[in-house]
Amino acid sequence: MSRKLVRPRQGRMFAGVCAGLAQRFGMSAGMVRLLFLLSLLLPGTQVIICLILWILMPDEDRVRY
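Using numbering that gives the first Met the number 0, the first residue of the sequence shown is number 0, and each one after it goes up by one.
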């Protein structure tokens with residue numbers, strides 16, 4: 000059974016993007032948040048990607064399995 004990429008209701012901090020990615024890939028949400036914060040030290044479009052995922056990832060309540 001594959002896990003869907005959704006923003007969970009439990010464990011979300013800001014928008015739930017890191018928690019959703021962690022849930023999807025079997026990692027801890029804290030680790031994904033730490034990796035995101037460390038990635039901010041590098042040049043790139045991390046914040047824009049996070050905003051896009053926030054818009055595109057549905058809430059867990061709105062997804063039918």
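From the three backbone atoms N, C-alpha and C, an ideal C-beta is built for every residue, glycine too.
Candidates the options: which alpha carbon is nearest residue i's?
i	options	result
GLN45	GLN9, GLU59, VAL16	VAL16
ALA28	PHE13, LEU55, PRO42, ILE51	PHE13
Can you list, in chain order, the residues of its chain with a C-beta nearer than 8 Å to that of residue i? Leave out the 5 residues immediately preceding and following it.
i	result
PRO57	VAL5, ARG6
Please look up how many angstroms separate the CB atoms of residue i and residue j, rounded, as I've assumed it's under 8 Å.
i	j	result
ARG8	ARG23	In fact, because the Cβ distance is near 15 Å, the residues do not count as touching under 8 Å.
Taking 6 Å as the limit between beta carbons, can you name the residues of its chain near residue i, skipping five residues before and five after?
i	result
VAL31	CYS17, LEU20, ALA21
Counting only runs of 4+ residues fully inside the segment 25-49, write out the alpha helix (DSSP H) ranges in chain order. As far as the segment 25-49 is concerned, its whole alpha helix (DSSP H) runs of at least 4 residues are 28-38.
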